[in-house]
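Chains as they are written, first to last, in my numbering: chain L, 673 to 951; chain D, -19 to 110.
Structure (structure tokens):
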């Protein structure tokens, strides 16, 4: 049977993709960030997941204002990196796992999560930057990806508690898939940041630290953080952090934190990163 | 009952909620159209004519043509959309933040020094006192 072995939390700041793609990942500005992921690259090489279940948000790329699904599950055979306005990122096409996706879609809906099914979908930096941070610049991504896009652009994003419950339902779905697949779940986005209006540039490192501690050790309490707290304390775009609860919900109650990294800034954002293993 | 906007007391922040989304729909669709190169070329060739394909309000139209970044947000724009208009003008996210905050190049230095501190920036009343 398929099983979930581990979880990764990772910011998906677009500037990190640009830094990797243009060869400035080792400069004084970006070097310390990429150094924080050296452990992670080694770790995932040893971990060798068969599939990555990747929770991210689309930034009006696959979905502009016409269609805004709260939860959209990728069920395609491949996902092409999109042109976000300055040409597509020069990274490999992301391979999907249609059979596992289809199984998860059916299981989730019968488990009361009425997700949207995406049989074709372009993907943006929200999905490809975490792959870059974890795998560097391979010719092909080492394993297929099942993407889950979450709306965090138009308020309200789904509640943290709902995301956490969805994570549990994803686990149930994966564990009922007959093939023996090792799955690693990524929760992406965050941490504290505000990109807009006069309060842009907000960073709340103390809050970010507390958030990571809650996520790891008291996940239900972490998932109960309400929207107004994200908006006020972590910035209007910090609400992306609800996606980390999907990842956490898919893991055991008890996890081992094998890696933590935090850095300010990448462009306008606090970069946060965790690797959690099921105990 | 109307939805309570408990986030309205956060200073310097426009929450892109469903009311803003309705107000800004055509403005945002204009901005996102600039994601694609042929549309960027068409806008560059004839800005007035290109923007008129999108039935936005005269105020939104003027704000878009005049690059009034905060006003665009107040009129229903969302930052992920307006940033495409900024990118069209060669303005990246960090420079756009410099413009929206009125800090210019000092913005980048603030970020390197750890970003905008949360203290004094939680409530509108804290800004009003200044």
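Just so it is clear, CB atoms sit at the ideal spot from N, CA and C, and this is done for glycine as well.
Asked: Quick one: complete alpha helix (DSSP H) runs, 4+ long, within the stretch 793 to 818 of chain L?; Found: 797 to 807
Asked: Under 9 Å between beta-carbons, which chain D residues line up against residue 875 (chain L)? List them in chain order, please.; Found: 91, 94, 95, 96, 97 and 98
Asked: Is it buried or exposed, residue 25 (chain D), if we count other Cβ atoms within 10 angstroms and call 16 or more buried?; Found: exposed
Asked: Within the same chain, show all residues whose beta-carbon is closer than 6 Å to that of residue 104 (chain D), passing over the 5 residues directly before and after it, in chain order.; Found: -11 and -9
Asked: CB-CB under 8 Å to residue 721 (chain L), same chain, minus the five flanking residues each way: which ones, in chain order?; Found: 677, 678, 815, 854, 855 and 856
Asked: Please determine, among D:20, D:55 and D:49, the residue with the shortest C-alpha to C-alpha distance to residue 6 (chain D).; Found: D:55
Asked: So, with DSSP's three-state summary, where would you put residue 680 (chain L)?; Found: strand
Asked: Checking 8 Å against the spacing of the C-beta atoms, do residue 802 (chain L) and residue 682 (chain L) come in under that value?; Found: yes
Asked: Mind pulling the alpha helix (DSSP H) runs of 4 or more residues that sit fully within the stretch 684 to 770 of chain L?; Found: 686 to 693, 703 to 707 and 710 to 719
Asked: Alpha carbon to alpha carbon, how far is residue 122 (chain D) from residue 848 (chain L)?; Found: Residue 122 (chain D) is absent from the structure shown; chain D starts at -19 and stops at 110.
Asked: From residue 79 (chain D) to residue 709 (chain L), what distance separates their C-alpha atoms?; Found: 32 Å
Asked: Which same chain residues end up closer than 7 Å to residue 913 (chain L) when comparing Cβ atoms and leaving out the 5 residues on each side of it in sequence?; Found: 861, 862, 863, 883, 902 and 906
Asked: Say whether the stretch 690 to 701 of chain L touches the stretch 771 to 790 of chain L, bearing in mind that this needs 3 or more beta-carbon pairs closer than 8 Å, one atom from each stretch.; Found: no
Asked: In chain order, what residues of the same chain lie with their CB nearer than 6 Å to the CB of residue 998 (chain L), ignoring the 5 residues before and after it?; Found: Missing from the structure shown is residue 998 (chain L); chain L here goes from 673 to 951 and no further.
Asked: Along chain L, which residues have their Cβ under 9 Å away from the Cβ of residue 15 (chain D)?; Found: 732, 733, 736, 754, 755, 756 and 757
Asked: Applying a beta-carbon distance threshold of less than 7 Å, which residues of chain L neighbour residue 64 (chain D)?; Found: 757
Asked: So, helix, strand or coil for residue 845 (chain L), using DSSP?; Found: helix
Asked: For residue 826 (chain L), does the count of other Cβ atoms within 10 angstroms reach 16, so buried, or fall short, so exposed?; Found: buried
Asked: Return the residue from the list L:843, L:736 and L:877 that minimises the CA-CA distance to residue 99 (chain D).; Found: L:877
Asked: List the DSSP bridge partners of residue 950 (chain L).; Found: L:927
Asked: Report buried or exposed for residue 951 (chain L), applying the criterion of at least 16 other Cβ atoms within 10 angstroms of its Cβ.; Found: exposed
Asked: Assuming residue 867 (chain L) and residue 909 (chain L) are in contact, meaning their beta carbons sit under 8 Å apart, how far apart are those beta carbons, in whole angstroms?; Found: 5 Å
Asked: By the criterion of Cβ-Cβ separation under 7 Å, what are the contact partners of residue 80 (chain D) in chain L?; Found: 868, 869, 870 and 872
Asked: Any C-beta of chain D sitting closer than 8 Å to the C-beta of residue 823 (chain L)?; Found: no
Asked: Along chain D, which residues have their Cβ under 8 Å away from the Cβ of residue 936 (chain L)?; Found: 91, 94 and 95
Asked: Provide the residue span of the alpha helix (DSSP H) that contains residue 825 (chain L), from first to last.; Found: It is not in any alpha helix (DSSP H) - residue 825 (chain L) carries neither H nor E in the DSSP assignment.
Asked: Distance, Cα to Cα, residue 833 (chain L) vs residue -15 (chain D)?; Found: 21 Å
Asked: Consult DSSP for residue 922 (chain L) and reduce its assignment to one of helix, strand or coil.; Found: coil
Asked: Flag residue 30 (chain D) as yes if its beta-carbon sits less than 8 Å from any beta-carbon of chain L, otherwise no.; Found: no
Asked: If we ignore side chains and look at the alpha-carbon of each, how far apart do residue 795 (chain L) and residue 756 (chain L) end up?; Found: 10 Å
Asked: Give me the residue from L:804, L:782 and L:673 with the minimum Cα distance to residue 691 (chain L).; Found: L:804
Asked: Can you pull out the residues from the stretch -19 to -6 of chain D whose beta carbon lies closer than 8 Å to at least one beta carbon of chain L?; Found: -14, -13, -10, -9, -8, -7 and -6
Asked: Check whether the Cβ atoms of residue 705 (chain L) and residue 935 (chain L) sit closer than 8 Å, and answer yes or no.; Found: yes
Asked: With DSSP run on the structure shown, which of helix, strand or coil describes residue 830 (chain L)?; Found: coil
Asked: Could you give the DSSP three-state label for residue 863 (chain L): helix, strand or coil?; Found: coil
Asked: Mind checking who residue 789 (chain L) pairs with in its DSSP beta bridge?; Found: L:745
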